[in-house]
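2 protein chains.
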Amino acid sequence: MIDRKHAIFTQVNNVVGTLNVLFAIREFSPNCHLIKLGTMGEYGTPNIDIEEGYIAIEHNGRKDVVPFPKQPGSFYHLSKVHDSHNIMFACKIWGIRATDLNQGVVYGTMTDETAFDEALINRFDYDDVFGTVLNRFCVQAAIGQPLTVYGKGGQTRGFLDIRDTVRCIEIACHNPAAKGECRVYNQFTEQFSVLDLARIVESAANKLGMAVEIDHIPDPRVEAEQHYYNAKHSKLIDLGLQPHHLSDSLLDSLMSIAIKYRDRVDASLMLPQVNWREPKNDRRLQMSMPTRSAAADSRADHSPSTEVKAKKG
Amino acid sequence: MIDRKHAIFTQVNNVVGTLNVLFAIREFSPNCHLIKLGTMGEYGTPNIDIEEGYIAIEHNGRKDVVPFPKQPGSFYHLSKVHDSHNIMFACKIWGIRATDLNQGVVYGTMTDETAFDEALINRFDYDDVFGTVLNRFCVQAAIGQPLTVYGKGGQTRGFLDIRDTVRCIEIACHNPAAKGECRVYNQFTEQFSVLDLARIVESAANKLGMAVEIDHIPDPRVEAEQHYYNAKHSKLIDLGLQPHHLSDSLLDSLMSIAIKYRDRVDASLMLPQVNWREPKNDRRLQMSMPTRSAAADSRADHSPSTEVKAKKG
Numbered sequence: 001m002i003d004r005k006h007a008i009f010t011q012v013n014n015v016v017g018t019l020n021v022l023f024a025i026r027e028f029s030p031n032c033h034l035i036k037l038g039t040m041g042e043y044g045t046p047n048i049d050i051e052e053g054y055i056a057i058e059h060n061g062r063k064d065v066v067p068f069p070k071q072p073g074s075f076y077h078l079s080k081v082h083d084s085h086n087i088m089f090a091c092k093i094w095g096i097r098a099t100d101l102n103q104g105v106v107y108g109t110m111t112d113e114t115a116f117d118e119a120l121i122n123r124f125d126y127d128d129v130f131g132t133v134l135n136r137f138c139v140q141a142a143i144g145q146p147l148t149v150y151g152k153g154g155q156t157r158g159f160l161d162i163r164d165t166v167r168c169i170e171i172a173c174h175n176p177a178a179k180g181e182c183r184v185y186n187q188f189t190e191q192f193s194v195l196d197l198a199r200i201v202e203s204a205a206n207k208l209g210m211a212v213e214i215d216h217i218p219d220p221r222v223e224a225e226q227h228y229y230n231a232k233h234s235k236l237i238d239l240g241l242q243p244h245h246l247s248d249s250l251l252d253s254l255m256s257i258a259i260k261y262r263d264r265v266d267a268s269l270m271l272p273q274v275n276w277r278e279p280k281n282d283r284r285l286q287m288s289m290p291t292r293s294a295a296a297d298s299r300a301d302h303s304p305s306t307e308v309k310a311k312k313g
Numbered sequence: 314m315i316d317r318k319h320a321i322f323t324q325v326n327n328v329v330g331t332l333n334v335l336f337a338i339r340e341f342s343p344n345c346h347l348i349k350l351g352t353m354g355e356y357g358t359p360n361i362d363i364e365e366g367y368i369a370i371e372h373n374g375r376k377d378v379v380p381f382p383k384q385p386g387s388f389y390h391l392s393k394v395h396d397s398h399n400i401m402f403a404c405k406i407w408g409i410r411a412t413d414l415n416q417g418v419v420y421g422t423m424t425d426e427t428a429f430d431e432a433l434i435n436r437f438d439y440d441d442v443f444g445t446v447l448n449r450f451c452v453q454a455a456i457g458q459p460l461t462v463y464g465k466g467g468q469t470r471g472f473l474d475i476r477d478t479v480r481c482i483e484i485a486c487h488n489p490a491a492k493g494e495c496r497v498y499n500q501f502t503e504q505f506s507v508l509d510l511a512r513i514v515e516s517a518a519n520k521l522g523m524a525v526e527i528d529h530i531p532d533p534r535v536e537a538e539q540h541y542y543n544a545k546h547s548k549l550i551d552l553g554l555q556p557h558h559l560s561d562s563l564l565d566s567l568m569s570i571a572i573k574y575r576d577r578v579d580a581s582l583m584l585p586q587v588n589w590r591e592p593k594n595d596r597r598l599q600m601s602m603p604t605r606s607a608a609a610d611s612r613a614d615h616s617p618s619t620e621v622k623a624k625k626g
């Protein structure tokens, strides 16, 4: 959503990468099981229950089960929708086995394995482009900034603990799709609105003796600020997923990390620099960078976060 | 469907081209009206009636109007679906006006304007990649080859006369979409199955004193050979379209052209050279071509029909 170049790079990168994988599977390993990490963002926020990939429709007296209509909310999420359509077609014509994991917003940074050593610690994105809302709220609470809710804060999404993400992929591996089947699982464990999350973080911070304010700022995105949201997510549970709940992991996993590393936080990264209503956005960070070489310029075209990551390291 | 390179070129070409147009509209001419020539092939062949772009769904006691689920049948048609999703999103976030004309299979080569002079005559594709079924049947009848029906021939699609195509675009121009509206019209006038068409051409040829055979050959595509098909197409009629019917234009416009130019027909182009079940297809024409320069090779990568057109001219 930054500008034309980023939109085109994102869509070409995902679409071409996925097509290459599909043709490679067909040619070299037609029986392997493709697991794609998709996103719940493919569905958007329809006014009906969101099913897991397909919906049974009765229309003018006839019935069919069809792909759930997709109304994604960004050029990135659109690229994942394009991939889903391409994968579904490859399964149909070539008999490929695929599982599309429509993942919710992941929180947490540690699994049992990464906890062995600090060197294994995971990314903790909190900036306005790659950061997710819960990470940002925890970081804002840790450094004493108000939590910045976009608009009314009624935007509701599915969330899951990073340990559940890893487990879901494991479950998909152990239960491969049938030949020609394009299976879709909605991979999240709990739904929250943005305002729910702000209040949960506020309450957790209070328990740690920290005062927290909640600010409502204009929504830089084009999205419903209040809407119906009820997405099904029973298939992975049926296959054995035992969810971790946010209430249990917030203090341990998120707040404690944010507080432990708060001296590294760049407080200037919190506020949105990309207005989705505009076709191009000049971000402050780019403008404040020293003159770059041609090679660096070319890298910057390919990764919206080059500068952000450079500052974070 | 020829191979990986053609699939990737087709998708990148359509997706990037359309994204560029959308960003250009937003930046330089936000009030203009985008008319996209789409295709009925975006819908596939669901077991329910096909609506014009959107469908009202009642699900678990709640209602919404959502984009009609897309199940296209080739990587080309998938690229048009990707474009439709991108256009719909641009209308939503930027208030762009768009009309998506989901066109059926066009037949005929002449409008009143092109009829002024033979130099204005239109393409008449009958080869296995770009040719459409009705053109091929007319050419096969004209040169005394059997009409090649793929499989059972129950594949049913929407069709329209080229004069109606032009009129539909004119109607869309004169009735622009509202700001932020992504309007979808199904642009065809009659439905036929492949076997229906073969019999209609046979009967027309008989009237001209020509004997015609109908052959059923194995279907090189992955598609339902018998299926329900009922696609709505009333919106353009409501705006004033007065359809030409195949029964009236077949002899005048199609058979007569095929017969008039039958000495130019390359009879080797009729049979399918692309098996959709395979990830790559070596076509006879490519193999029979003389050694080409690097530049010609690079052009060939970008256009599946380079060799075909060269032979046709």
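Going down the list, the protein sequences come from chains G and R. 313 is the number that the numbering used here gives the last residue of the first sequence; the numbers go up by one with no jumps. 626 is the number that the numbering used here gives the last residue of the second sequence; the numbers go up by one with no jumps. Just so you know, even glycine gets a beta-carbon here, dropped at the ideal spot from N, CA and C.
Pick out whichever of the options has its Cα sitting closest to the Cα of residue i.
i, options, result
"S84 (chain G)", "G:Y150, G:V106, G:I57 and G:E52", "G:E52"
"Q416 (chain R)", "R:W589, R:T502, R:L552 and R:L510", "R:T502"
"V274 (chain G)", "G:E58, G:N13, G:A119 and G:S74", "G:S74"
"P243 (chain G)", "G:S193, G:R262, G:G180 and G:F159", "G:F159"
"G444 (chain R)", "R:D595, R:D579, R:C495 and R:P592", "R:D579"
"L236 (chain G)", "G:V105, G:I121, G:R167 and G:Q145", "G:R167"
"S29 (chain G)", "G:H174, G:R97 and G:R163", "G:R97"
"A428 (chain R)", "R:V418, R:R476 and R:V446", "R:R476"
"L414 (chain R)", "R:I400, R:P585 and R:N594", "R:I400"
"G466 (chain R)", "R:I434, R:V419, R:A511 and R:E426", "R:A511"
"I348 (chain R)", "R:R577, R:V507, R:G553 and R:N488", "R:N488"
"Y420 (chain R)", "R:E426, R:C495, R:Q539 and R:V446", "R:V446"
"N333 (chain R)", "G:F9, G:N20 and G:I57", "G:F9"
When DSSP builds the beta bridges, which residues end up paired with residue i?
i, result
"E190 (chain G)", "G:F159"
"C481 (chain R)", "Answer by DSSP bridge pairing: none, since C481 (chain R) is not bridged."
"R410 (chain R)", "R:H346"
"V184 (chain G)", "G:D100"
"G351 (chain R)", "R:N415"
"L195 (chain G)", "In the DSSP output, where bridge partners are listed per residue, L195 (chain G) has none listed."
Where does residue i land, buried or exposed, given buried means 16+ other C-beta within 10 angstroms?
i, result
"N499 (chain R)", "buried"
"A231 (chain G)", "buried"
"K376 (chain R)", "exposed"
"A90 (chain G)", "buried"
"A178 (chain G)", "exposed"
"R470 (chain R)", "buried"
"P531 (chain R)", "exposed"
"M255 (chain G)", "buried"
"R436 (chain R)", "exposed"
"I121 (chain G)", "exposed"
"C345 (chain R)", "exposed"
"Q226 (chain G)", "exposed"
"A454 (chain R)", "buried"
"S566 (chain R)", "buried"
"S234 (chain G)", "exposed"
"D161 (chain G)", "buried"
Express the C-alpha separation of residue j and residue i in angstroms, rounding to a whole number.
i, j, result
"L251 (chain G)", "V149 (chain G)", "20 Å"
"N327 (chain R)", "I513 (chain R)", "35 Å"
"R262 (chain G)", "G41 (chain G)", "30 Å"
"W276 (chain G)", "D215 (chain G)", "20 Å"
"L559 (chain R)", "A517 (chain R)", "11 Å"
"S288 (chain G)", "L269 (chain G)", "Low confidence applies here, because S288 (chain G) scores a pLDDT of 40, under 50, leaving its location unreliable; read the following figure in that light. For S288 (chain G) and L269 (chain G), the distance between alpha carbons rounds to 13 Å."
"I315 (chain R)", "D248 (chain G)", "53 Å"
"R605 (chain R)", "V81 (chain G)", "Below a pLDDT of 50, predicted positions are generally treated as unreliable, and R605 (chain R), at 40, falls in that range; the measurement from the model is reported next regardless. Near 39 Å, if we compare the C-alpha coordinates of V81 (chain G) and R605 (chain R)."
"R339 (chain R)", "E278 (chain G)", "8 Å"
"Y229 (chain G)", "K260 (chain G)", "35 Å"
"D125 (chain G)", "L239 (chain G)", "30 Å"
"P603 (chain R)", "D440 (chain R)", "The predicted model places P603 (chain R) with a pLDDT of 40, which falls under 50 and marks its position as unreliable, so this point remains unresolved."
"L22 (chain G)", "T165 (chain G)", "23 Å"
"P382 (chain R)", "V418 (chain R)", "20 Å"
"G357 (chain R)", "R221 (chain G)", "33 Å"
"R317 (chain R)", "H6 (chain G)", "24 Å"
"L78 (chain G)", "W407 (chain R)", "16 Å"
"E426 (chain R)", "A432 (chain R)", "11 Å"
"D289 (chain R)", "Q468 (chain R)", "The shown model of chain R, from 314 to 626, leaves out residue 289 (chain R), and the question about it has no answer."
inquiry  = If the cut-off is 7 Å on Cβ atoms, which residues from the segment 338-367 of chain R count as contacting chain G, listed in chain order?
reply    = R339, E340, P359, N360, I361 and D362
message = Can you pull out the residues from the segment 536-570 of chain R whose beta carbon lies closer than 8 Å to at least one beta carbon of chain G?
response = Y541
task = Give the residues from the segment 402-425 of chain R that approach chain G closer than 8 Å (Cβ to any Cβ), ordered along the chain.
result = F402, K405, I406 and W407
Residues within the segment 442-473 of chain R neighbouring chain G, beta-carbon criterion of under 7 Å = none
query = Can you list, in chain order, the residues of the segment 269-282 of chain G whose Cβ is nearer than 8 Å to any Cβ on chain R?
reply = W276, R277, P279 and K280
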